[in-house]
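Quick mapping for you: the protein sequence lines, in order, are chains A, B and C.
Sequential numbering of the first sequence, starting at 1, is according to the working numbering.
Sequential numbering of the second sequence, starting at 1001, is according to the working numbering.
Sequential numbering of the third sequence, starting at 2001, is according to the working numbering.
Just so you know, even glycine gets a beta-carbon here, dropped at the ideal spot from N, CA and C.
Here's the structure we're looking at; comments come further down.
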Amino acid sequence: MRYLYNKRTILIVVLMIFCTAIVWAQQSETKRQYTSVTPNYTLTFPKDFGAHPDFRIEWWYVTGWLETNEQKTLGFQITFFRSATSHDQENPSQFAPKHLIIAHAAISDPSIGKIIYEEKSARAGFDLAYAKEGDTHVKLDNWYFVRNETGNYQTKISTERLSLQLSLNPTQEMMLQGKNGFSRKGPNIEQASYYYSQPHLKVTGTIKHQNKTLTVSGHAWLDHEWSSELLDARADGWDWVSMNLFDGSALVAFQIRGKDGTKLWAYAQQRNMNGKTRFFDTEQVDFMPVRTWQSPHTNAWYPVEMRIRTSELEWQLIPLFDDQELDSRSSTGAAYWEGAVSILKNQQIIGQGYLELTGYEKSLDL
Amino acid sequence: MLELRHISKSYSKEQQVFTDLSYILKSGEYVAIMGDSGVGKSTLLNLIAGLDFPDSGEVLIDGTTMSQLDDEMATLFRRKALGFIFQSFHILPHLTVSQNVALPLLLNGLPGNRANTLLAEVGLQGRENDFPDQLSGGELQRVAIARALVHQPKLILADEPTGNLDPATAHEILQLIRNEIKKNSASGILVTHSQTAAATADYILTLTPQGLIPAKASPNP
Amino acid sequence: MKILQLSGWLLLAEWRTRFGQIIVAITAIAMGVALGFSIHLINSAALNEFSAANKSLAGQSDLQVYNKQGFFDEMLYPKLAQYEGIKQANPVLEFTAVVSDKFHSKDHKLKILGIDVFRAASISPDLLGVPAEGKAMDSFADDTIFLSPAAMEWLQLEQDDTLFLNVGLEAIPLRVAGGLTRARAGQRIGVMDIGAAQWRFHYLGLLSRIELKLESNAQYEAFKDRLSKELDDNFYISEIADQEKRLSKMSRAYRVNLNMLALVALFTGSFLVFSTQVLSIIRRRSQLVFLRVMGFTRQQLLLQIITEGIVLGMIGAISGLAIGYGCAVLVIQLLDADLGSNFFYGLKPTIYFNLWDASLFFMIGLSVAVLGAFLAAKEIVNANQASALKSSHQDIAMNRAQWSWRALFCLSLGLLMTVLPPVFELPIFGYMAIALLLIGGIALMPWLALLVFSSLQNSVARLSKNPIILMALARQANASNQASIALSGVLASFGLIVAMAIMVLSFRESVDQWLDHVLPADLYISVADSGIQGGLRDDEQKIINQLPGFIRSDFFRVQPLTLDPNRPEITLIARPIDTLNPESTLPLTHDVIDPYQLPKDSMPLWVSEAMVDLYGFAVGKKVKIPIDGIWREFFVAGVWRDYGRQFGAVQMQLSDYQALSNDLSFNTAALWLDTQTAMSEAYTSLQQLPFSDALEIKQSQRIRKTSLDIFDRSFAVTYALEIVAIIIGLLGVAASFSAQALARAKEFGMLRHIGVTRKQILSMLAVEGFFMTTLGIILGFVLGWCISLILIFVVNPQSFHWTMELYMPWNWLMLISGIMLVSASFAALLAGRKTVSVDVIRSVREDW
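Listed below in structure tokens is the structure:
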């Protein structure tokens, strides 16, 4: 028991950063001053493609749909995090864990009916793990996520069980979220991040799993977000969805759920095929469960089928398959649902996206 | 010399050995005691030697009441006044022949030179420094005879001395015992089964539950 | 079938009649087995625990990379982490730190492991700290430490308490953030973030080892070869198995020696069985021969007697195993597994009952009994039937001449073995020599007893006419076989006691003298040995030098050094040594080069005796050792005695060291007081130094005392052995006397008839006991002295690589002799009492 507990605590760190970043607020050790996210900052590129070590937390998050050379559909998710720690900045040791680099990767294979998931974390240092400034360049041992000058992203995840090697090419402009990239996450003005997305990335590459190497192609959605303080203490979890629609338009929506079951904050941005954007605020965005599914692993109930209303528009989400739960309780102590969803409008599939449901197994506030 | 006065002895209620046994052995007499097995011949010898005590009655040797002596006194008396000859010789294996014979002398604090004289008397001249395992049965009994007489005890007790010997040797030994007793002016009691052996004594008594009864034929009255 | 039944009857009948002796023989076997088995159990449990603890530290890695210097540059880590074929590289910084609160107690060091939780998680998960709920970041914080339960208990700290550790001359606070995932019972360790550890403890840029997990298809050997070609000579790659080997090597000599001593105790027990069996056979001689006459074949008779030995041995061995197991469990619970050796300090192992080991000890116990029975049986089986049947002579017809020859053969073979070299670094031949000496000595006994007692008898006969003394002496002289059988137990046990006593005293005296030599100064200061830069700096040396009251101060640099990765570390001591008069500083043996003959072109090195045995660093040779990572050549100028470091140590000129290494720091200083200054004054002035908190100030008198205390503790086990040997010896005396007394019932009966008093018989027995024991003691003394010479001059140098001078513990030996003598006579008397009180009348009668 103790053994499990311990391993868990280590990786809880990982999950905390990944899911919520609430922990940081609670462990408010004032050793280190972070830069705050303010509304009047203008994102400049390519500098802001790179890492922002003065902020507490940062991630590059790719989700997408792939089709294999065997005409099978797969969902995938690759995330690289950088997280600053409260370790003394004065420590001259190269081992001093001032930043942690954490990476997650998962594929949703309907033929297996569940998620295949890998994770890895390390302290930044010795050129073994880093998140570089200047342009996107994150590395964790032999895993990486790199952007070159042409805007192309290369990423590689490699383990014995699962390997992904993908090339991602933008086909559209990036989307700045919120107010020119200033994205609020709660009622408090400090609860915000800098946030831009890259929808409709064209994906090619290979995936190796179950001792098979598959050539894949498809589309993906990239989020890059950095912040020093994210969520309200009253938050219970969130629902988030990204949609690459077949007509070339894109939509992102999220809501922060309060512990009392209310909606603490919500946001959506829609961009149509012509590049015209439209923003929706808390009042205008609703996540409405249509069908819930109970996980056989955790017994948690997830609203795997949802209707999302953005003002007058309604989008229906149907999961690629139900069991896209990441049950990592034995290692990380928590479980959440993260899966590929089809987007329907008027019973017609109009696009593909990714839905993330957190805080259903238990409140993320540990 | 030896007087038994109204001796009674029993080992248990059922096993009464003697009842009111009386007898007087005169000085210089050599008597043979015969009797059936289990009649109490050896017990009688033990009573005389002070190794066992009568239930009632007295054993007197030269006026000393044996039955009144404690173990220590009886031993000291025995050491001086008695000589023993056993059926199985009981010669100490780790002592030489002459040392074995000298034992009673040393015990009585007497000089040991008489041992060799006695050995010569019993015909073992030249064998003084031999060890018992170099001697035959007859020779061992000769040693025992020498040992029994070396300190000139008044009374010799011989319990089946020829039981382990062949007839020819037995005869020699019996003659030797008789001669030595007479020569040393001792008295003697010979306990035996054998008519022939008994015949070497002055007279023969038969031990019965009724007491010591003179045998019909006493060879040397 | 019928034969078996008969054999059973005979066995039972025999045992009914001599129950007491049987018990004694069984006890002897049981004690020998118990002693051996419990020592073995404790030692192997400690070793298992030791290696399990070590394994839990090393985790599940496939290979570990170490440096002979101890610490090495951390830049190897990224190199290995990205090296082809390596799946995971786990950097570890391991060191000990002095606990500030415990600074003044002897036991004050805490082993600390600096780890990277992210790398260690998959390789050594046991070492991960368990932080409090919601404080996951503590796992890599800069001010936290995780403690094993044993460490928490020892330090009396709980989560969130603060632990102060000395670093060089300062004390740093660390918050106890929690426990460890899994630590072995008794294992005292602290775990902290590697980055924090490097920084706080001055190990920046350094690692102690890198643990490697290889790709699953890796070829270990090929990989090892490939990697070692790329690393420089100072690195070595080891597997867990190598470390276990190294570990077991460290304590092997000690363990083997203890086991050997236990075997000697068992061996002594075998003499007891032998004598019990022989005496029982003697008593039954005609009965047994009668069986032969009746038609028992030689083999059947032999089998009958050996069966007795087997049953005896089985009961003894099984009860010995049970007692041994019980003792081991008790010892582990009440004391610790250390047995005073300090090899397994602080461990709380569990005793495991290993059937294989148990059967081994069972077999040893059994064979000892069977051997005893066999030797006895051979005698009777070969006896002449007719004479034995008839004879009242009970002495064994052993061929004295033949036995003397065998004895002499044993003795000379033993002598030969003392000059043979060790086998696998163990003094196997030395122990065989001891066994042969014992056997030979005992086999020679009948002849010696005859010689001594005959001449004694002749001379006494002239002086005294006391029949009691005469009879007693005559018996000893002419029944010397029996006498010597009874003596064999006394002889073996007393010989053993003497040997142990002489060895221990010689060792202790030598250590004492050595301490005089190595601790010439009045006070010693050492700096908490944390951090490679944690020594006394220049300015601090000056301050110490300028303290009033001292006439001289020497500064040393002491550090561990790995010469051969398969062996434990050696110690390098750099200090000022008068090259022309090295004896003034070093406890040199006679193996020294004349200082004026030293070659001018090379640096002198003085090596401990172990270096000569283990590394071949002979005087006059040129040898290489690494100073600051570079292999340098030295000239071996002399050999010194070192009882402190069994695995080797070298001393060199401080100036040479500083020139080679640029390391000007010190971690030890020796201080001499001037005549006007009192110890307490000097002590106080040292304690008032600004950096005194990190200084360990010791008076040489105190060090001496502690060292000798440790010594005494280490030898506590040998005292236990001596006591067991004494008990076995006395049991032997009692057993053989009572056996003889019974066998001599007829003799006593006859003597009582012819006027020997009870008291006289008893005094005769006491005198016999006295004579016999005296001879046993004298011979045992000689034998023991010879054995002690083997222990001192063969066994010790071969297993521990140190020599010593011979010292005799006369007082103690006299005392033990006295006790043995009195108790042997007393045992004889007791045995006699029983016999004399049985029916004297019946005993002379043939028909009972």
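DSSP bridge partner residues for C:R2702 (one or two, in chain order): Here residue 2702 of chain C corresponds to residue number 702 of the third sequence, with the count starting at 1. DSSP lists no partner for C:R2702.
Cβ-based burial, C:A2388 [other Cβ within 10 Å; buried from 16]: For this step, residue 2388 of chain C is matched to residue 388 along the third sequence. Confidence in C:A2388 is poor, its pLDDT being 44 and thus under 50, which makes the residue's placement unreliable; the coordinate value appears in the next sentence. The C-beta of C:A2388 has 16 or more other C-beta atoms within 10 Å across all chains shown, which makes the residue buried.
Short CB-CB distance (under 8 Å) between C:G2755 and chain B: Mapped onto the third sequence, residue 2755 of chain C falls at position 755. Chain B, which has a Cβ nearer than 8 Å to the Cβ of C:G2755, makes this yes.
Presumed contact (8 Å Cβ cut-off) between C:L2813 and C:A2501, rounded CB distance: Here the question's residue 2813 of chain C lines up with position 813 in the third sequence. Here the question's residue 2501 of chain C lines up with position 501 in the third sequence. Between C:A2501 and C:L2813 the Cβ distance is about 6 Å, and since that is below 8 Å, they are a contact.
Cβ pair A:H87, C:A2141 closer than 8 Å: As a first step, residue 87 of chain A is located in the first sequence; it is residue number 87 there, counting from the start. As a first step, residue 2141 of chain C is located in the third sequence; it is residue number 141 there, counting from the start. Contact: yes.
Proximity below 8 Å, CB of A:S311 to CB of A:R56: For the purposes of this step, residue 311 of chain A is taken as the residue at position 311 of the first sequence. For the purposes of this step, residue 56 of chain A is taken as the residue at position 56 of the first sequence. Result no, Cβ atoms of A:S311 and A:R56 do not sit closer than 8 Å.
Cβ shell of C:L2416 (< 6 Å), same chain only, five flanking positions each side left out: Taking the first residue of the third sequence as position 1, residue 2416 of chain C is located at position 416. Cβ neighbours of C:L2416 beyond the five flanking positions: none.
Inter-residue spacing [alpha-carbon to alpha-carbon] between B:I1033 and B:D1159: Numbered from its first residue, the second sequence carries residue 1033 of chain B at position 33. Numbered from its first residue, the second sequence carries residue 1159 of chain B at position 159. Those two C-alpha atoms are separated by around 10 Å.
Buried or exposed (CB count within 10 angstroms, at least 16 for buried), C:F2019: Within the third sequence, residue 2019 of chain C is the residue found at index 19, counting from 1. Residue environment for C:F2019: exposed (fewer than 16 other C-beta atoms within 10 angstroms of its C-beta).
Residues from the segment 88-104 of chain A in contact with chain C, defined by Cβ distance under 7 Å: D88, N91, P92, S93, Q94, F95, A96, P97
Contiguous alpha helix (DSSP H) assignments of at least 4 residues, all confined to the segment 1157-1201 of chain B: 1167-1183, 1195-1198
For C:R2184, three-class secondary structure by DSSP: Taking the third sequence and counting its residues from 1, the one referred to as residue 2184 of chain C is at position 184. If DSSP states are grouped into helix, strand and coil, C:R2184 belongs with coil.
Any 3 or more C-beta pairs closer than 8 Å across the segment 175-184 of chain A and the segment 129-137 of chain A: no
CB contact below 8 Å: A:F158 versus chain C: For the purposes of this step, residue 158 of chain A is taken as the residue at position 158 of the first sequence. It should be pointed out that residue 158 of chain A corresponds to Ser in this sequence rather than to Phe. Taking Cβ atoms only, chain C never reaches closer than 8 Å to A:S158, which makes this a no.
Exposure of C:A2369, with buried meaning 16 or more beta-carbon neighbours within 10 Å: As a first step, residue 2369 of chain C must be located in the third sequence, where it is residue number 369. Buried: at least 16 other Cβ atoms inside 10 Å.
Close-in-space but distant-in-sequence residues of the same chain around C:Q2760 (CB under 7 Å, 5 per side omitted): Position 760 of the third sequence, counting from 1, holds the residue named residue 2760 of chain C. If we look at C:Q2760 and ignore the five residues flanking it on each side, its Cβ neighbours are I2468.
Any C-beta of chain C under 8 Å from that of B:Q945: Absent from the model: residue 945 of chain B. The displayed extent of chain B is 1001 to 1221, so no value can be given.
Buried or exposed (CB count within 10 angstroms, at least 16 for buried), C:P2173: As a working mapping, residue 2173 of chain C is identified with position 173 in the third sequence. Exposed, since its Cβ has fewer than 16 Cβ neighbours within 10 Å.
Secondary structure, alpha helix (DSSP H): runs of 4+ residues fully inside the segment 2514-2593 of chain C: DSSP assignment within the segment 2514-2593 of chain C yields the following whole alpha helix (DSSP H) runs of 4 residues or more, N-terminal first: 2538-2546.
Among A:L357, A:W226, A:T292, the one whose alpha carbon lies nearest that of A:D82: Here residue 82 of chain A is taken as the residue at index 82 of the first sequence, counted from 1. The sequence given here has Arg at residue 82 of chain A, not Asp. With distances taken between Cα atoms, A:R82 lies closest to A:W226.
Beta-bridge partners of A:M288, as assigned by DSSP: For the purposes of this step, residue 288 of chain A is taken as the residue at position 288 of the first sequence. A:R307.
Alpha carbon of B:G1211 to alpha carbon of B:I1048, nearest angstrom: Within the second sequence, numbered from 1, the residue matching residue 1211 of chain B stands at position 211. Within the second sequence, numbered from 1, the residue matching residue 1048 of chain B stands at position 48. Each residue's alpha carbon lies about 15 Å from the other.
Neighbour flag for B:H1094 against chain C, beta carbons, 8 Å: Residue numbering aside, residue 1094 of chain B sits at position 94 when the second sequence is read from its first letter. Cβ-Cβ to chain C under 8 Å: yes for B:H1094.
8 Å Cβ cutoff, C:R2752 in contact with chain B: Numbered from 1 along the third sequence, position 752 holds the residue referred to as residue 2752 of chain C. For C:R2752, at least one C-beta of chain B is nearer than 8 Å to its own C-beta.
Limits of the unbroken alpha helix (DSSP H) element including C:Y2431: Here residue 2431 of chain C corresponds to residue number 431 of the third sequence, with the count starting at 1. It spans 2428-2443 - the alpha helix (DSSP H) in which C:Y2431 sits, taken as one unbroken run.
C-beta neighbour in chain C for B:R1127, strict 8 Å: As a working note, residue 1127 of chain B is residue 127 in the second sequence. It does not; no Cβ of chain C falls within 8 Å.
Where C:D2126 falls, given that 16 or more other Cβ within 10 Å makes a residue buried: Counted from its first residue, the third sequence places residue 2126 of chain C at position 126. Buried, since its Cβ has 16 or more Cβ neighbours within 10 Å.
Cβ contact (3+ pairs, closer than 8 Å) linking the segment 1158-1173 of chain B and the segment 1136-1150 of chain B: yes
Nearest-angstrom beta carbon gap, C:R2557 and C:S2665 [assumed within contact, 8 Å]: Here residue 2665 of chain C refers to the residue found at position 665 when the third sequence is read from its first residue. Here residue 2557 of chain C refers to the residue found at position 557 when the third sequence is read from its first residue. With 8 Å as the limit, C:S2665 and C:R2557 qualify as a contact, their Cβ atoms being about 7 Å apart.
Where A:M174 falls: helix, strand or coil (DSSP): In the first sequence, the residue the question calls residue 174 of chain A occupies position 174. In the structure shown, A:M174 sits in coil (DSSP, three-state: anything other than H, G, I, E or B).
CB contact below 8 Å: B:P1221 versus chain C: In the second sequence, residue 1221 of chain B corresponds to position 221, counting from 1. Unreliable placement is indicated for B:P1221, whose pLDDT of 41 sits below 50; the coordinate value is still reported in the next sentence. Not an interface residue.
As assigned by DSSP and simplified to three states, the class of A:N244: The sequence position of residue 244 of chain A within the first sequence is 244, counting from 1. Of the three classes helix, strand and coil, the one that applies to A:N244 here is strand, per DSSP.
Top-ranked residue by Cα proximity to C:I2787, from C:V2098, C:L2436, C:F2201, C:S2124: Indexing the third sequence from 1 puts residue 2787 of chain C at position 787. Nearest of C:V2098, C:L2436, C:F2201, C:S2124 to C:I2787, Cα basis: C:L2436.
Cα-Cα separation between C:N2796 and C:M2804, rounded to whole angstroms: Taking the first residue of the third sequence as 1, we reach residue 2796 of chain C at position 796. Taking the first residue of the third sequence as 1, we reach residue 2804 of chain C at position 804. Straight-line Cα distance between these residues: approximately 9 Å.
Counted within 10 angstroms of its Cβ, other Cβ atoms place A:A250 as buried (16 or more) or exposed: By 1-based counting over the first sequence, the position of residue 250 of chain A is 250. By the neighbour-count criterion, in which 16 or more other beta carbons inside 10 Å mark a residue as buried, A:A250 falls on the buried side.
Secondary structure of C:L2339, DSSP reduced to three states: For the purposes of this step, residue 2339 of chain C is taken as the residue at position 339 of the third sequence. Here the model assigns C:L2339 a pLDDT of 49, short of 50, so the residue's position is not dependable and the matter cannot be decided.
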